[in-house]
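So for the sequence shown, my numbering puts the first residue at 41; every next one is plus one. Cβ coordinates follow ideal geometry from the N, Cα and C atoms, glycine included. Inspection log for the structure reproduced underneath, given as structure tokens.
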Amino acid sequence: MGGGSIGAGTEVARDGAQSGEGDSPIVRRSATCSLFPIGHHVTLWISSDKPRALRLPSLRAPLDLLFLVCCVILTADVLGPEIFGHGKTKDYALWYWAGQQVLNGGPLYPSDIHQQFEFIYPPLPAILLAIPSWFGKIPLYLVLSVLNAIAWWYTGIISNAMTGSNRRPGPWLEALPAFATVTFVFDMFDLGQPNLVLLAMMLYGFWSLRYRRSWFAGFMFALASAIKVFPIAVLPYLVWRRQWAAVVSMIAFIGILLYVVPAPIRGFERNAAELNTWYQGMVGSSSEKGFGQRDEQNWSWVNQSIIAVTHRLVRPINYNLDDPSKPTRTMNVIDVGYWTANWIVLAVSMLVGLGFIAVMPSAHRRTARSDADELGILFCLMSVASPLARQYYFMWLFLPFTVLMHRAAFDMRPRVRLGTWLALGAAGILMLLSLPWFPIAFQAWGNNLAATAILAVSLAWHMRHPPVAASSDAAAGLKPHPS
41 MGGGSIGAGT
51 EVARDGAQSG
61 EGDSPIVRRS
71 ATCSLFPIGH
81 HVTLWISSDK
91 PRALRLPSLR
101 APLDLLFLVC
111 CVILTADVLG
121 PEIFGHGKTK
131 DYALWYWAGQ
141 QVLNGGPLYP
151 SDIHQQFEFI
161 YPPLPAILLA
171 IPSWFGKIPL
181 YLVLSVLNAI
191 AWWYTGIISN
201 AMTGSNRRPG
211 PWLEALPAFA
221 TVTFVFDMFD
231 LGQPNLVLLA
241 MMLYGFWSLR
251 YRRSWFAGFM
261 FALASAIKVF
271 PIAVLPYLVW
281 RRQWAAVVSM
291 IAFIGILLYV
301 VPAPIRGFER
311 NAAELNTWYQ
321 GMVGSSSEKG
331 FGQRDEQNWS
341 WVNQSIIAVT
351 HRLVRPINYN
361 LDDPSKPTRT
371 MNVIDVGYWT
381 ANWIVLAVSM
391 LVGLGFIAVM
401 PSAHRRTARS
411 DADELGILFC
421 LMSVASPLAR
431 QYYFMWLFLP
441 FTVLMHRAAF
451 DMRPRVRLGT
461 WLALGAAGIL
471 MLLSLPWFPI
481 AFQAWGNNLA
491 ATAILAVSLA
501 WHMRHPPVAA
511 SSDAAAGLKP
521 HPS
């Protein structure tokens with residue numbers, strides 16, 4: 041299953057002609073490939089010829105102004121407690137501590153891997169945090185808030201540009217994915233977590249692949265992985281799609297970012313030792329008790345990864361482990377041991393992965409539309425494949441939401457549009473169950489995981505049943521059959 045092909049280009053051209061999407065004024069003939077170009081003679085219909093389609097906010101657009109107002113309010117929520125109160129809590133103080141440790145030459149991790157790590161990230165993020173930390177807490181918090189605001193904006197812009205619908209969304213449709221995921225965005229600002237910035241990096245990496253910037257795409261994937269590891273799940277996908285330049289670039293830059301960049305500041309040997317300590321403490325210490333230095337969270341309701349939900353379903357695990365004051369609650373439907381549960385997780389993961397491969401179109405059937413559906417599924421899987429998938433990890437469903445909203449708005453088949461809106465509504469209702477008004481049992485059972493599954497299945501259906509295929513089947517049904 042390779043990259044783009046001439047067949048993919050002609051398929052997209054037919055898609056635009058038969059569905060009416062080719063009449064859109066923004067659709068232009070282009071000599072570039074869709075998402076994963078290989079050849080140089082592929083003609084595709086895409087929404088823009090040039091990367092400058094990534095626009096800035098406009099003060100004349102009401103929804104853009106609303107976005108800016110929201111960013112100001114969210115930034116005030118971060119800076120207000122630090123300026124007028126007793127200091128901003130959550131992860132912000134940890135980021136300042138990590139930056140100061142680098143500036144003062146202090147250790148990032150305890151020498152004993154059995155002690156709890158305060159900073160659970162590789163050394164590179166601490167190096168990056170040291171720069172604004174030198175100016176103090178408020179400048180650091182302001183920089184992090186601005187990065188979140190920029191990432192939020194371009195996540196929306198890139199996602200809307202990569203749906204393969206060849207339609208320019210109206211302002212409300214363009215903003216709808218942001219409204220659907222606004223609670224996750226609040227978490228990003230309030231907690232200080234980098235997942236929104238990582239999402240923007242990954243999207244820009246795939247945007248770069250679209251314009252044959254494979255080496256830069258690999259760098260973006262590597263930077264995201266070097267900051268918080270779980271984006272490395274994109275690597276097998278790149279290998280499967282034979283994006284060799286991006287694969288080599290990603291692997292090379294991961295090595296550079298983890299070993300070379302920190303070396304002048306921390307020292308090569310010290311940085312290598314800290315990397316080893318981090319690896320042993322975060323990856324090598326997995327056991328029945330937990331993993332990743334956060335044992336009390338791994339099996340509790342706060343974690344909705346495939347690993348955690350599967351273990352809770354097959355083992356008698358207290359999903360209130362995060363709070364010892366709460367009574368013990370279990371939800372298992374069968375009772376097996378730890379290693380048997382791991383085999384079940386492996387089997388489930390393999391089935392999901394094989395299912396993803398099965399629905400992927402072959403090279404000659406790929407279109408810009410199918411590539412968007414495919415990427416949407418990929419982001420769904422990366423959201424839940426991480427061993428620890430807390431509430432804010434599902435910010436990565438932004439792209440799947442955007443693609444499906446475009447399908448619901450622009451698909452030529454009325455029943456498909458209705459069905460897609462219903463699927464989006466079902467996913468949205470499931471995700472609303474994470475609000476504090478509802479029992480945490482819903483999250484223990486994996487409400488966000490179930491919503492992710494609905495989005496992934498819907499995208500898979502669209503990928504296997506595009507408008508062109510539906511039109512071709514209908515036309516074939518009208519032809520006389522030999523007796």
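Q | Coil, strand or helix - Phe175 by DSSP | A | coil
Q.
Between Trp379, Lys329, Ser289 and Ile267, which has its C-alpha nearest Leu315's C-alpha?
A. Ile267
Q: Taking Gln337 and Leu428 to be in contact with their CB atoms under 8 Å, please state how far apart those CB atoms are, rounded to whole angstroms.
A: In this structure Gln337 is in contact with Leu428, their Cβ atoms being roughly 7 Å apart against a cut-off of 8 Å.
Q | Separation of Arg281 from Thr129, as counted between CA atoms | A | When rounded, the distance between both Cα atoms is 43 Å.
Q: Can you grab the Cα-Cα spacing for the pair Tyr194 / Ala240, in whole Å?
A: Spanning the two alpha carbons is a distance of roughly 7 Å.
Q: Report yes if the C-beta distance between Pro211 and Leu103 is below 7 Å; otherwise report no.
A: yes
Q: Identify whether His351 lies in helix, strand or coil by the three-state DSSP scheme.
A: helix
Q.
Count Cβ pairs between the stretch 129–139 and the stretch 247–260 that sit closer than 8 Å; are there 3 or more?
A. no
Q: Please check the pair Asn488 and Gln344, which I expect to be a contact at CB under 8 Å, by giving their CB distance rounded to whole angstroms.
A: Contact between Asn488 and Gln344 holds, with the beta-carbon distance rounding to 5 Å and staying under 8 Å.
Q) From what residue to what residue does the alpha helix (DSSP H) around His404 run? A) Here His404 belongs to no alpha helix (DSSP H), and DSSP marks it neither H nor E.
Q: Return the first residue and the last residue of the alpha helix (DSSP H) that Asp413 is part of.
A: Run containing Asp413: Ala408 to Ala425, per the alpha helix (DSSP H) assignment.
Q: Answer yes or no: do Val354 and Ala381 have a C-beta to C-beta separation smaller than 7 Å?
A: yes
Q | Closest by C-alpha distance to Ile417, when choosing among Tyr359, Ala490 and Leu495 | A | Leu495
**Q.** Sequence-distant residues of its chain with Cβ nearer than 7 Å to Asn358 (five each side left out)
**A.** Thr368, Arg369 and Thr370
(Q) Within 10 Å of its beta-carbon, does His126 have 16 or more other beta-carbons around it, so buried, or fewer, so exposed? (A) Answer is exposed; the Cβ neighbour count stays below 16.
Q: Below 6 Å CB to CB, which residues in the same chain sit around Phe482 once its five sequence neighbours on both sides are set aside?
A: Leu473
Q) Assuming Leu437 and Thr221 make a contact with CB atoms under 8 Å, what is their CB distance in whole Å? A) 7 Å
(Q) In this structure, how does DSSP classify Ala303 when only helix, strand and coil are distinguished? (A) Three-state DSSP puts Ala303 in a helix.
Q: Below 8 Å on the Cβ atoms is my guess for Ala448 versus Leu464; work out the distance and round it to an integer in Å.
A: 6 Å
Q.
Here's the rule: buried if 16 or more other CB atoms are within 10 angstroms of the residue's CB, otherwise exposed. What is Ala116?
A. exposed
Q) Does the distance from the CB of Ala262 to the CB of Ala286 come in under 7 Å? A) no
(Q) Please identify the residue among Leu187, Leu231, Leu213 and Met202 whose C-alpha is closest to the C-alpha of Asp131. (A) Selected option, being the one with the closest Cα: Leu231.
Q. Is the stretch 288–296 touching the stretch 160–180 in the sense that three or more CB pairs, one from each, lie closer than 8 Å?
A. In short, these stretches do not touch, since the Cβ pair count stays below three.
Q.
With distance defined between alpha-carbon atoms, name the residue in Lys177, Arg352 and Val186 nearest to Pro121.
A. Lys177
Q | Exposed unless 16 or more other CB atoms sit within 10 angstroms - verdict on His446 | A | With a threshold of 16 other beta carbon atoms within 10 Å, His446 meets it and is buried.
Q) For Gln533, which residues of its own chain have a beta-carbon under 8 Å away from its beta-carbon, when the five flanking residues on both sides are left out? A) Because residue 533 is not part of the residues shown, which for the chain are 41 to 523, the question remains open.
Q) Excluding five sequence neighbours on each side, which residues of the same chain lie with their C-beta closer than 7 Å to the C-beta of Pro302? A) Pro163, Leu164, Ile167 and Asn311
Q: Taking only the alpha-carbon atoms, compute the straight-line gap between Cys111 and Trp174 and give it to the nearest angstrom.
A: 24 Å
Q: Spatial neighbours of Gly60 within its chain, please: CB distance less than 7 Å, with the 5 preceding and 5 following residues excluded, ordered by chain position.
A: Because Gly60 carries a pLDDT of 39, less than 50, the predicted location of this residue cannot be relied on, and no value is offered for it.
Q. Relative to the C-alpha of Asn372, which residue among Trp477, Gly486 and Ala191 is closest?
A. Gly486
Q) Considering only residues of the same chain and omitting the five flanking positions on each side of Arg504, which have a CB-CB separation below 7 Å? A) Cβ within range, chain order: Val399.
Q. Considering only residues of the same chain and omitting the five flanking positions on each side of Leu470, which have a CB-CB separation below 6 Å?
A. Asn487, Ala490 and Ala491
**Q.** Backbone secondary structure at Met371 - three-state DSSP
**A.** Of the three classes helix, strand and coil, the one that applies to Met371 here is coil, per DSSP.
Q: Evaluate Trp477 with the Cβ neighbour count: other Cβ atoms within 10 Å of its Cβ, from every protein chain shown; 16 or more gives buried, anything less gives exposed.
A: exposed
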